[in-house]
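Structure record follows, encoded as structure tokens.
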């Protein structure tokens, strides 16, 4: 989607290749072409077979499973649209989907903050850019299992440091992760915290491509930093912002790790906070109902495709391509 | 210019506050790992451990098979990474530099895999592992992750950016496709290969859902699933939990510290996800 900064546009393409060959004998040319075709197929074969066996064929199988019901001893029985009818009437599915959409909205709210930080870090007179970037990036490389453990401790109702900080200002904090009213938001905070450094890095790379002269010219015209941010940074960065929001939506809709790690089965907050992928996982692999799980996976796929398509439509109104 | 200096000072203030929010939790984690159990559940909490107690680092080895899980994680992440470097670079070279029948069609198929959420293939993948009798084995952790449409896409972009004259010159010197791949393009693609390697390593190291599905025996789990199982047991040995978390994450933090430029560029250039 965004052109990699370090990759130049491919120069001469195929047309010029055959042109620059000169006139070798036709026979030699065909032999070379044949050998190239053979090598091409041989070289994509290992990956192609792996993708076919473990990815492409499974997609077709999952589609088929969506129309079947699994017995206790494995095997499956064709049930037509039964899974999808059940899905439409299943409140748990719609709650989980709503939760996923709420997380997505909340994580998107973090994007403007990341834009602001990227702009702050892009100031030419600012020092220590690399150190800031590295520190902000730490949650991205840290194992989610470790992050979940850490936040569970921070969120603890009794001795968690968060409630202790709140106590300093006279607020009596709840038990964040087990209270159905607070758990979804407590989870979303971690989601934003984890995505921040990732988005920041992509946005900072986008800012490198904004011509410095624009800032100089506008400074001469008397534009202050806020004005520059709104009139230069945001429009020039809009393709990158668009990319970041598409990636965030797709990523957050697939949120699983945090819910699984922070909401043990039976947690009173689970129904209020579980995501569609968590429901997919527990349906397919814990409750052993892969037929219904497959239907849930297809629902997720449709939602992702729809939201991505909507974003691509809306982008025409606000994304400026230079 | 007073206003300029003011802007810079305000920027630093905001950036440092951001660092506190991002890094603060990790500092708290490190401090907790060297507290005694009583200290870790004290109300109100104390910031510094008193006295410093390193027993959490030993204790976590009793709570989970940390050594086994470390080896599993290294094999899983390393195996996937090496395989992806080979398979993806071969296919990427073919897509970027060779003419063969069905080229566009196959590349289109690869893009399908790239765009579809992983939930669409995970059930059949599990069934394949089950049929092969691979549940609770190392190869179950490694094999499906050896193939990546993303890696092919990333490297193809990279190869396409290298000048074509290189291959043409090599071809005139009588180099076949394999030699062009191995002797010309690969040595020139180190940055691309490193980016793919660290991204694969990073996402594999932290991968959770797939290991949870295929390997339920604690000795065969990677660290990610091992830590999850440990905290799922309602364990409140916080110093040990924090020590385990830090040890599980330390290797990627070290790799990140060494190769952060390549990692960040790789992510910035691709928005990458393995």
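Chains as they are written, first to last, in our numbering: chain A, 1 to 322; chain B, 323 to 596. A virtual CB, placed ideally from N, CA and C, is assigned to each residue, including glycine.
Residue i: contacting residues in chain B (beta-carbon distance under 8 angstroms)
i: residue 158 of chain A; result: 363 and 365
i: residue 36 of chain A; result: 420, 421, 422 and 499
Chain-ordered chain B contacts of residue i [CB-CB under 7 angstroms]
i: residue 41 of chain A; result: 422
i: residue 177 of chain A; result: Within 7 angstroms Cβ-Cβ: nothing; residue 177 of chain A doesn't reach chain B, min ~12 angstroms.
i: residue 293 of chain A; result: 445
i: residue 125 of chain A; result: 330
i: residue 277 of chain A; result: 441
Residue i at chain B interface by Cβ criterion, 7 angstroms
i: residue 304 of chain A; result: yes
i: residue 254 of chain A; result: yes
i: residue 161 of chain A; result: yes
i: residue 201 of chain A; result: yes
i: residue 257 of chain A; result: yes
i: residue 22 of chain A; result: With a pLDDT of only 49 at residue 22 of chain A, under 50, the local geometry of the prediction cannot be trusted, and the value read off the model is given with reservation. Closer than 7 angstroms: no.
i: residue 50 of chain A; result: yes
i: residue 225 of chain A; result: yes
i: residue 59 of chain A; result: yes
i: residue 228 of chain A; result: no
i: residue 215 of chain A; result: no
i: residue 269 of chain A; result: no
i: residue 64 of chain A; result: no
Short CB-CB distance (under 7 angstroms) between residue i and chain A
i: residue 446 of chain B; result: yes
i: residue 368 of chain B; result: no
i: residue 554 of chain B; result: yes
i: residue 327 of chain B; result: no
i: residue 443 of chain B; result: yes
i: residue 571 of chain B; result: yes
i: residue 351 of chain B; result: yes
i: residue 612 of chain B; result: No answer is possible for residue 612 of chain B: the residues shown for chain B start at 323 and end at 596.
i: residue 373 of chain B; result: no
i: residue 574 of chain B; result: yes
i: residue 377 of chain B; result: no
i: residue 589 of chain B; result: yes
i: residue 549 of chain B; result: yes
i: residue 509 of chain B; result: no
i: residue 292 of chain B; result: Coverage of chain B is limited to positions 323 through 596, which leaves residue 292 of chain B absent and any answer about it impossible.
i: residue 341 of chain B; result: yes
i: residue 347 of chain B; result: yes
DSSP state of residue i mapped onto helix, strand, coil
i: residue 69 of chain A; result: strand
i: residue 78 of chain A; result: strand
i: residue 586 of chain B; result: helix
i: residue 422 of chain B; result: coil
i: residue 555 of chain B; result: coil
i: residue 1 of chain A; result: Because the pLDDT at residue 1 of chain A is just 39, under 50, the model does not fix this residue reliably, and the value given afterwards should be weighed accordingly. Coil, per DSSP.
i: residue 125 of chain A; result: coil
i: residue 376 of chain B; result: coil
i: residue 289 of chain A; result: coil
i: residue 14 of chain A; result: A caution first: residue 14 of chain A carries a pLDDT of 44, below 50, which makes its placement in the model too unreliable to give a value.
i: residue 336 of chain B; result: helix
i: residue 453 of chain B; result: helix
i: residue 39 of chain A; result: helix
i: residue 202 of chain A; result: helix
i: residue 172 of chain A; result: coil
Inter-residue CB distance, residue i and residue j (contact presumed, cutoff 8 angstroms)
i: residue 458 of chain B; j: residue 537 of chain B; result: 5 angstroms
i: residue 148 of chain A; j: residue 258 of chain A; result: 6 angstroms
i: residue 415 of chain B; j: residue 503 of chain B; result: 5 angstroms
i: residue 292 of chain A; j: residue 86 of chain A; result: 7 angstroms
i: residue 382 of chain B; j: residue 371 of chain B; result: Actually they do not touch by this definition, with Cβ atoms about 16 angstroms apart.
i: residue 511 of chain B; j: residue 126 of chain A; result: Rounded, the Cβ-Cβ distance is 33 angstroms, inconsistent with contact.
i: residue 341 of chain B; j: residue 132 of chain A; result: 7 angstroms
i: residue 153 of chain A; j: residue 354 of chain B; result: 7 angstroms
i: residue 591 of chain B; j: residue 385 of chain B; result: Going by Cβ atoms, the distance from residue 591 of chain B to residue 385 of chain B rounds to 41 angstroms, so no, they are not a contact pair.
i: residue 568 of chain B; j: residue 391 of chain B; result: The pair is not a contact, with the Cβ atoms about 15 angstroms apart (cut-off 8 angstroms).
Contacts of residue i in chain B (Cβ-Cβ under 9 angstroms)
i: residue 134 of chain A; result: 578, 579, 582 and 586
i: residue 284 of chain A; result: 441, 444, 445, 448 and 535
i: residue 301 of chain A; result: 438, 439, 441 and 442
i: residue 103 of chain A; result: What residue 103 of chain A touches in chain B: nothing, since even the nearest Cβ is about 15 angstroms away.
i: residue 164 of chain A; result: 365, 366 and 367
Interface partners of residue i on chain A, CB under 8 angstroms
i: residue 527 of chain B; result: 143
i: residue 393 of chain B; result: The premise fails here: residue 393 of chain B is roughly 16 angstroms from chain A at the closest Cβ pair, so nothing lies under 8 angstroms.
i: residue 545 of chain B; result: 143 and 145
Chain A contact residues for residue i, given Cβ-Cβ distances below 9 angstroms
i: residue 354 of chain B; result: 150 and 153
i: residue 427 of chain B; result: In chain order: nothing, as chain A lies at least about 11 angstroms away.
i: residue 600 of chain B; result: No information on residue 600 of chain B is available, as it lies outside the stretch 323 to 596 that chain B covers here.
Cross-chain neighbours of residue i in chain A, by beta carbon under 7 angstroms
i: residue 491 of chain B; result: Near residue 491 of chain B there are no residues of chain A at all, since even the closest Cβ is about 11 angstroms away, more than 7 angstroms.
i: residue 531 of chain B; result: 256 and 281
Under 7 angstroms (Cβ pairs) to chain A, residues found in the segment 457-485 of chain B: 466, 468, 469, 471, 474, 479, 480, 482, 483 and 485
Interface positions of the segment 390-416 of chain B facing chain A (Cβ-Cβ less than 7 angstroms), listed along the chain: 409, 410, 412, 413, 415 and 416
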